[in-house]
Amino acid sequence: MKINNFFKNSLSVIGLNIREDKITAISLKKSDNDYKLNKIVTITTPTGSIKEGVIIAPEKISLALKELWSKNKLKPRQVNISIQGQDLLLRLVTVPSGNSETIKKVLAEKINQYIGFANTKTVFSWENIETINEKGEKKLKLLLAVAKEELLNSYLKALTQAGLSINKVTFSSLAALNAVYDGK
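Everything in the sequence shown is counted per our numbering, starting at 786 for the first residue and increasing by one.
As structure tokens, then:
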């Protein structure tokens, strides 16, 4: 996926990373057929508002985000966020080839096998890495990304209170890989 497809036709885009120590917003602006770095701004994360990656004080994060937007004259209200924490899981998994619904059911069962995610409400997505032939059977090797619903809801609540909406979510551990992959 190319960066131009990722941001569609928007004139500017904000990437947002909320960590326990600081909140960083990166603004990109459209220039010809590409995007250029416009500004990088940070603000200190309010003390005690994030625990193990989960936003436990969304009202404090919301106020910090409003201040960050106001002081730095950030315009886009839709953001691409990068999340981190122990409530995330990335795994390479192999599943029988099938349609999207079948794969979704198989992956839901696999998620329950992982310690810490069993019997927990989760959201997940996957990307097909390759199709393989294993003992005469067509299988898919997938990169499975799983997050506890509570983690994503904590971000959603804080951003909504700040008047922002989420366009795309990525795991911090994948951000560098995506940057390299998208450039090819």
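Each residue gets a CB set at the ideal place from its N, CA and C atoms; glycine is no exception. Just so you know, these numbers come straight off a predicted model, no measurement behind them.
- Task: Work out the CA separation of E912 and E919 for me, nearest whole Å.
- Result: In the sequence shown, counting from the first residue as 1, residue 919 sits at position 134. In the sequence shown, counting from the first residue as 1, residue 912 sits at position 127. Their Cα atoms are separated by approximately 19 Å.
- Message: In whole angstroms, give me the CA-to-CA distance for T945 and Q871.
- Response: As a working note, residue 945 is residue 160 in the sequence shown. As a working note, residue 871 is residue 86 in the sequence shown. Whole-angstrom Cα-Cα distance: 23 Å.
- Which term fits S816, buried or exposed, when burial requires 16 or more other beta carbons within 10 angstroms of its beta carbon? What you label residue 816 is simply residue 31 of the sequence shown in a count that begins at 1. Under this definition S816 is an exposed residue.
- Helix, strand or coil at P843 according to DSSP, with G and I counted as helix: Here the question's residue 843 lines up with position 58 in the sequence shown. Residue state, collapsed to three classes: helix.
- Task: Could you have a look at S882 and say whether DSSP puts it in helix, strand or coil?
- Result: Along the sequence shown, read from residue 1 onward, the residue named residue 882 stands at position 97. Residue state, collapsed to three classes: coil.
- Message: Beta-carbon within less than 7 Å of A730's beta-carbon, same chain only, minus the 5 sequence neighbours each way: which residues are those?
- Response: Past the boundaries of the shown model lies residue 730; the chain is included only from 786 to 969, so the question cannot be answered.
- Message: Does K923 pass the burial test, meaning 16 or more other C-beta atoms within 10 Å, or should it be called exposed?
- Response: In the sequence shown, the residue the question calls residue 923 occupies position 138. Exposed: under 16 other Cβ atoms inside 10 Å.
- For the stretch 829-836 against the stretch 799-816, are there 3 or more C-beta pairs whose distance is under 8 Å? yes
- Item | Separation of P861 from L822, as counted between CA atoms | Working through the sequence shown from its first residue, we reach residue 822 at position 37. Working through the sequence shown from its first residue, we reach residue 861 at position 76. For L822 and P861, the distance between alpha carbons rounds to 14 Å.
- Task: Would you kindly check if the distance between the Cβ of P843 and the Cβ of S939 is under 8 Å?
- Result: To locate residue 939, count along the sequence shown from 1; it is residue 154. To locate residue 843, count along the sequence shown from 1; it is residue 58. For S939 and P843, yes; Cβs fall inside 8 Å.
- Using three-state DSSP, classify N857 as helix, strand or coil. If you number the sequence shown from 1, residue 857 lands on position 72. Looking at N857 - three-state DSSP - the assignment turns out to be coil, as it is neither helix nor strand.
- Contact between the stretch 882-898 and the stretch 851-861 (3+ Cβ pairs under 8 Å): no
- Task: List the endpoints of the continuous alpha helix (DSSP H) containing E935.
- Result: Mapped onto the sequence shown, residue 935 falls at position 150. 934-946 is the span of the alpha helix (DSSP H), which, as asked, contains E935.
- Message: Since L801 and V864 should fall inside the 8 Å C-beta cutoff, what is the C-beta to C-beta distance between them, to a whole number of angstroms?
- Response: Looking up residue 801 in the sequence shown gives position 16. Looking up residue 864 in the sequence shown gives position 79. Yes, they are in contact, since the Cβ atoms of L801 and V864 sit about 4 Å apart, within 8 Å.
- Message: Here's the rule: buried if 16 or more other CB atoms are within 10 angstroms of the residue's CB, otherwise exposed. What is I866?
- Response: Reading the sequence shown from its first residue, position 81 is the one you call residue 866. By the neighbour-count rule (16 or more Cβ atoms within 10 Å), I866 is buried.
- Query: How long is the line joining the alpha carbons of K814 and S847, rounded to whole angstroms?
  - Reply: Working through the sequence shown from its first residue, we reach residue 814 at position 29. Working through the sequence shown from its first residue, we reach residue 847 at position 62. Whole-angstrom Cα-Cα distance: 24 Å.
- DSSP-derived helix/strand/coil call for K969: Taking the first residue of the sequence shown as position 1, residue 969 is located at position 184. The predicted position of K969 is uncertain, since its pLDDT is 42 and thus under 50; no value can be drawn from it.
- Since I believe T907 is in contact with V931 (beta carbons under 8 Å), could you give me their beta-carbon distance rounded to a whole number of angstroms? What you label residue 931 is simply residue 146 of the sequence shown in a count that begins at 1. What you label residue 907 is simply residue 122 of the sequence shown in a count that begins at 1. The pair is a contact, with the Cβ atoms about 5 Å apart (cut-off 8 Å).
- Would you check if the distance between the CB atom of S812 and the CB atom of Q869 is smaller than 8 Å? The residue given as residue 812 occupies position 27 in the sequence shown. The residue given as residue 869 occupies position 84 in the sequence shown. Contact flag unset, no.
- What is the C-beta distance between K926 and E915, in whole angstroms, given that I count them as a contact (C-beta under 8 Å)? Walking along the sequence shown from the start, residue 926 turns up at place 141. Walking along the sequence shown from the start, residue 915 turns up at place 130. 5 Å between Cβ atoms; contact.
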